[in-house]
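Below is one structure, written out as structure tokens; the observations come after it.
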Ligand SMILES: Cc1ncc(C[n+]2csc(CCOP(=O)(O)OP(=O)(O)O)c2C)c(N)n1
Ligand SMILES: Cc1ncc(C[n+]2csc(CCOP(=O)(O)OP(=O)(O)O)c2C)c(N)n1
Ligand SMILES: [Mg+2]
Ligand SMILES: [Mg+2]
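Below is the structure:
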């Protein structure tokens with residue numbers, strides 16, 4: 021094995037066991053979803069976060085259990101990073117008993133205490149401002165963490181909400197997963213200017229995260245997140261990231277080169293190279309866990325079936 | 021008379037006769053509207069542009085007859101600066117025969133070739149992008165000029181449209197009449213950050229006009245407007261201006277000091293001081309003209325009355 | 020009771036004050052609602068002075084404001100939103116349709132979402148095509164979205180509490196023409212007309228002519244039309260000896276037809292009046308229900324009265340000719356009963 | 020004709036291609052509509068390659084896109100907008116209600132505004148609560164806004180031309196379930212069922228059982244329900260000997276009831292089916308009109324069928340049980356006719 025593959029790749033430090041587990045759980049959970057779709061066992065749509073899993077995993081350590089997370093269409097990773105409940109989520113997506121939202125919400129509409137996702141772009145930002153407004157009044161240091169993608173900056177609701185957040189100085193952490201694409205539309209075809217400029221236009225604090233090293237991300241963001249709680253005041257955190265897979269199921273029409281460039285930035289490969297032995301063990305365990313989970317959930321009766 | 025009152029105030033140079041006439045026509049036209057309201061002769065609402073008249077008058081010389089102007093709720097000045105038709109507009113507002121929109125639109129909804137106003141904030145910016153998109157394709161150097169106020173930046177539609185305008189490089193001139201207030205809400209209570217930052221966030225060219233000197237404004241803006249046509253590309257032009265009167269009719273709840281500060285910036289006073297003799301003549305003529313106009317239009321039968 | 024009754028705008032303002040005083044979960048959000056301005060129609064007067072932390076004057080961002088209200092509701096709060104002109108509730112459609120009402124049920128369990136959107140609506144004030152409409156009908160039939168209309172019969176304090184107790188979003192449509200009118204109290208409108216309520220919840224107010232048992236025509240109309248219909252009722256009686264009764268429901272949707280059934284059965288004719296233009300209306304919905312429930316018992320199909328199907332003009336005479344007026348109601352009922 | 024008929028999505032795609040080829044004023048705006056993606060439902064395939072200047076893939080800005088279309092229409096162009104999921108047309112409500120449709124008349128003269136908004140709608144695809152709805156009813160009764168629904172009987176090319184020739188904004192609702200279905204052509208659906216049109220404009224398609232003159236129940240339903248109703252029709256005939264006819268109008272609003280009157284008079288019962296939930300629906304409006312026009316001639320009130328009044332669940336079995344299915348239609352008509 022060459023030196024390059026035995027040593028940590030630039031930007032990957034040793035992960036806590038729990039973090040590695042979560043990363044791999046999300047990866048294999050979603051890979052399983054794609055397989056289930058291909059086998060015709062799932063309906064509708066599913067947006068996987070392949071390549072972006074490190075974002076919610078990194079952030080989760082900075083969030084308190086009493087923070088409120090507002091997720092979006094691409095939310096499986098957000099959920100799995102926060103709750104040890106892959107079973108409830110898989111049951112929800114497969115429409116089986118034990119589903120976290122009884123099969124009504126499905127992939128895009130998940131709710132449990134302190135967590136909510138919606139399928140309409142931009143909606144969650146003003147809702148997050150409302151939540152943050154309440155949290156500000158409680159004076160408890162809680163925050164509202166809202167996830168959106170780069171494409172969602174097309175929606176006017178985002179700007180209306182950002183303006184309110186800054187005017188009212190509410191503890192809103194707006195996390196932008198900039199994977200440089202919205203469905204099939206590349207960043208430069210859907211966004212004039214950039215996200216940093218948008219935050220600045222409203223006088224909102226902004227931080228950009230370029231790397232994938234979970235430990236370093238946490239160090240970088242610790243003060244930003246603490247500031248949101250302390251001041252309180254909103255902040256925009258942009259992650260420069262990549263979407264490895266399709267937008268939904270198998271609808272990827274990007275050329276091979278673009279996809280290869282994205283894959284080259286996959287945390288999975290980097291961590292695998294950096295810590296091959298440890299990674300292989302954890303990877304195999306996650307694979308196994310998910311495979312068994314799928315079998316278990318698939319055996320359950322569909323939600324709502326009357327015997 | 022003291023020296024300060026006989027010499028041009030800072031920022032006021034000799035006006036062309038036509039410009040002075042237009043300025044005073046708008047001022048007296050709207051003053052007459054307020055009188056008619058007070059006398060119970062008008063219904064609904066009317067938004068006067070007292071203090072802001074110089075903006076459309078200055079701009080009009082930079083616009084071509086084949087440009088498309090999209091005005092807003094505070095549009096009398098925009099109309100009167102562009103069309104020598106105070107009679108059609110007054111009849112419209114009074115609901116009398118000869119009304120430019122047959123009395124259907126009223127103060128806020130005016131249309132004639134190359135000109136349109138609407139009463140819902142923010143609507144006209146995307147519409148303006150659509151017009152500008154068409155003008156771009158014609159390759160004729162025409163532009164779409166859209167008027168909005170500072171408060172209208174509360175609407176998400178403005179951002180959606182600005183993004184499109186820059187992405188598609190359409191000849192959109194977005195004119196922001198920043199009078200530091202929206203109805204009763206001061207700028208700092210409705211806008212976080214500033215307008216310059218918003219334009220910059222989208223990579224859109226921006227120019228700020230602080231003064232009231234019509235000749236100087238035209239010089240300042242000549243290149244900006246030419247650039248919109250030539251490139252083509254959108255531009256935001258912000259006028260730092262003042263609202264002397266109420267938002268609508270008599271609903272001004274600002275304190276005396278604030279209103280006095282606004283009045284101190286009134287172009288009317290400045291031009292009057294700068295060119296007293298000439299101004300007095302023109303002013304008297306405009307007053308007379310409007311007084312006669314009101315009498316004439318008031319004598320007409322209401323629109324839609326069946327004999 | 021001495022002196023004239025409160026004006027509707029005073030009643031509404033008092034209702035809000037009472038709500039804020041007893042319930043810390045209540046908020047008001049809207050444009051220009053802070054003192055001294057107190058809202059475009061002065062409904063929120065005094066509130067921001069007394070409750071500065073919970074009365075938030077906002078930028079011109081109707082969509083986001085309703086989104087913020089959704090977030091507050093998620094946290095167990097009870098936001099009230101004022102949309103300056105109901106015509107602009109169009110900008111909140113997504114938050115109401117796809118978020119606030121959906122959230123009550125789309126997560127597979129009931130999520131309580133107490134929030135009220137208040138909308139001044141209606142014409143006859145010369146505000147022109149985009150400031151005079153009745154958008155009620157566009158919000159009918161959205162699961163978990165409840166529609167109410169202000170009326171001179173229904174106390175606002177009771178009404179607002181009822182709406183916020185639903186645990187589901189609700190819209191209160193307020194016909195602007197009502198603000199300056201007097202509330203009706205004590206069961207008596209004038210020497211000719213009295214009123215009572217048809218149900219214990221006092222949802223359906225019923226106005227009737229004293230000493231008249233028959234009913235030639237039962238008119239159902241939301242609050243904003245009450246005065247126009249009452250005036251027509253009086254005139255129909257005095258000039259034509261036709262006896263009408265008027266039912267004014269506070270809740271438009273879901274509409275509870277049960278308490279009306281005895282009246283409907285006895286009435287010769289049924290008429291639904293709305294100021295909004297025809298097409299997909301609340302009136303059509305009420306008419307279809309009446310036809311279903313009283314099949315074979317009605318003398319004629321439900322008479323549906325709406326404004327002329329056109330844009331609402333700004334000029335007063337044009338506007339008057341476009342919108343439902345007392346004379347519209349008078350003529351239509353006279354013609355129907357004489358046919 | 021050889022081989023199976025076109026699929027509805029192919030017909031629609033061809034219709035757009037034809038439109039673009041003959042009329043330089045036509046544009047298409049929407050999210051992800053450019054090749055090779057060709058739109059979420061592939062309706063716009065090939066268009067951006069052939070007509071790059073007039074096919075504009077947009078950011079996620081539904082409201083502004085319809086505003087842009089309004090601006091293009093003002094300049095005499097003929098924009099078509101695709102909203103990826105009809106559920107998001109909520110975001111365009113203001114531009115449609117307060118601008119595009121208003122502009123036709125609010126300036127006191129007729130301003131031609133040719134624009135079409137295309138909306139994939141409907142469920143039975145597992146997309147969940149915010150991607151499966153039928154928002155049609157919320158747009159009924161807006162002066163100068165015309166509503167159409169895609170159907171397997173109506174050629175898209177003809178339909179799109181008709182809509183753009185109105186000089187007024189129009190919305191085309193496209194039930195997603197249709198895209199993969201085959202068009203019906205040549206007056207014959209199968210050995211049992213044929214179809215024709217009731218009016219020269221070919222607005223109302225009528226499907227009937229061959230060799231049956233009687234009609235126990237006349238069903239009126241928009242295009243997305245055609246296959247479900249046809250299946251119920253066949254089964255009702257084979258299993259119950261009940262004869263139904265189905266009318267599928269292309270234009271939902273304004274609704275032209277005239278060509279239906281002869282059929283309505285002869286039918287024993289009338290049934291309106293919609294996938295949307297009850298409350299302020301197109302069906303209620305049609306029912307109210309039928310009651311008015313056929314007063315005293317109907318055996319029973321118009322039977323209105325809607326999906327269960329609830330949020331549309333994502334899980335397939337739950338969704339199926341919520342939405343109108345073939346069995347819903349079958350059971351309701353059987354029960355009504357046997358009652
Ligand atoms: C209002 C709205 N418009 C369109 C869609 C369809 N849609 C779902 S995801 C998506 C792309 C979102 O892009 P981005 O914000 O960059 O997030 P990503 O998918 O890249 O994570 C689109 C257009 C939607 N869900 N909501
Ligand atoms: C969507 C919408 N919301 C609210 C209003 C009511 N309204 C009319 S003008 C105005 C204030 C506009 O402020 P600004 O943009 O600063 O313009 P100005 O009046 O100062 O010229 C408001 C709130 C409206 N017309 N449209
Ligand atoms: Mg993206
Ligand atoms: Mg202003």
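Chains as they are written, first to last, in the working numbering: chain R, 21 to 327; chain U, 21 to 327; chain W, 20 to 358; chain G, 20 to 358. The beta carbon of each residue, even a glycine, is placed where N, CA and C say it ideally should be.
- Along the segment 134 to 192 of chain U, the alpha helix (DSSP H) occurs as fully enclosed runs of 4 or more residues at 144 to 158, 176 to 188, listed in sequence order.
- For residue 161/U, the distance from the CB to the nearest heavy atom of ligand 4 is not below 6 Å.
- Sequence-distant partners of residue 152/U (beyond 5 residues in either direction) whose C-beta falls short of 6 Å from its own C-beta, in its chain, are 164, 190, 191, 192.
- Taking each of 267/R, 199/R, 184/R in turn and checking the Cα distance to residue 260/R, the smallest one comes out for 199/R.
- In the three-state DSSP reduction, residue 129/R falls in the coil class, being neither helix nor strand.
- From the listed residues 139/W, 117/W, 137/W, the smallest Cα separation to residue 151/G is found for 117/W.
- Cβ-Cβ distances below 7 Å link residue 330/W to 148 in the same chain, with the five nearest sequence neighbours on each side left out; the list follows chain order.
- With respect to the C-alpha of residue 287/G, the residue from 302/G, 70/G, 357/G having the closest C-alpha is 357/G.
- Apart from sequence neighbours up to five positions away, the residues of its chain that approach residue 88/R with a beta-carbon distance below 6 Å are 134, 151, 164, ordered along the chain.
- In this structure, the alpha-carbon of residue 25/G lies about 21 Å from that of residue 41/G.
- In this structure, residue 323/G and residue 280/G do not form a Cβ contact; the two beta carbons are roughly 19 Å apart against a cut-off of 8 Å.
- By the Cβ neighbour-count rule, residue 268/G is buried, with 16 or more other Cβ atoms within 10 Å of its own.
- In the pairwise beta carbon analysis, the segment 260 to 276 of chain U is classified as touching the segment 67 to 86 of chain U: at least three pairs are separated by under 8 Å.
- Contact between residue 221/U and residue 218/R holds: their C-beta atoms lie close to 5 Å from each other, under 8 Å.
- Contact between residue 314/W and residue 319/G holds: CB atoms are separated by about 7 Å, below the 8 Å threshold.
- With a threshold of 16 other beta carbon atoms within 10 Å, residue 254/R meets it and is buried.
- Of 62/U, 91/U, 232/U, 158/U, the smallest CA-CA separation from residue 116/U is found for 62/U.
- For a cut-off of 8 Å, the C-beta gap from residue 307/R to residue 48/R is around 5 Å, short enough to register as a contact.
- Distance from the Cα of residue 105/G is smallest, within the candidate group 67/G, 195/G, 126/G, 321/G, for 195/G.
- Shown here, residue 208/U sits in a helix according to DSSP, grouped into three states.
- In the three-state reduction of the DSSP assignment, residue 255/R falls in the strand class, which pools E and B.
- When C-beta distances to chain W are compared with 9 Å, the residues of the segment 173 to 204 of chain U below that value are 173, 174, 175, 176, 177, 202, 203, 204, in chain order.
- With contact defined as three or more Cβ pairs closer than 8 Å, the segment 272 to 279 of chain G and the segment 205 to 224 of chain G are in contact.
- Going by beta carbons, residue 104/U and residue 234/U fall outside the 7 Å limit.
- Neighbours of residue 126/W across chain R, judged by C-beta separation under 9 Å: 120, 121, 122, 124, 125, 129, 130, 131, 132, 136.
- For residue 104/U, no Cβ of chain R is located within less than 7 Å of the residue's own Cβ.
- Under a 10 Å Cβ-count criterion, residue 334/W is classified as buried, with 16 or more other Cβ atoms of the shown protein chains found around its own Cβ.
- At a threshold of 6 Å, residue 79/G counts as near ligand 1, since its beta carbon sits closer than that to one of the ligand's heavy atoms.
- Shortest gap from the CB of residue 140/U to any heavy atom of ligand 2: under 6 Å.
- Here residue 176/G is not bridged, per DSSP, to any residue.
- With contacts defined as CB atoms closer than 7 Å, residue 47/G and residue 66/G qualify as a contacting pair.
- Listed by position in the chain, the residues whose beta carbon lies within less than 6 Å of some heavy atom of ligand 4 are 169/U, 170/U, 171/U, 199/U, 201/U, 202/U.
- The C-beta separation of residue 78/W from residue 210/U comes to about 4 Å, placing the pair in contact by the 8 Å criterion.
- Secondary structure of residue 268/G (DSSP, three-state): strand.
- The closest heavy atom of ligand 2 lies 6 Å or more from the beta carbon of residue 112/W.
- Chain-ordered, the chain G residues with CB closer than 9 Å to the CB of residue 63/R read 144, 145, 146, 333, 334, 335, 338.
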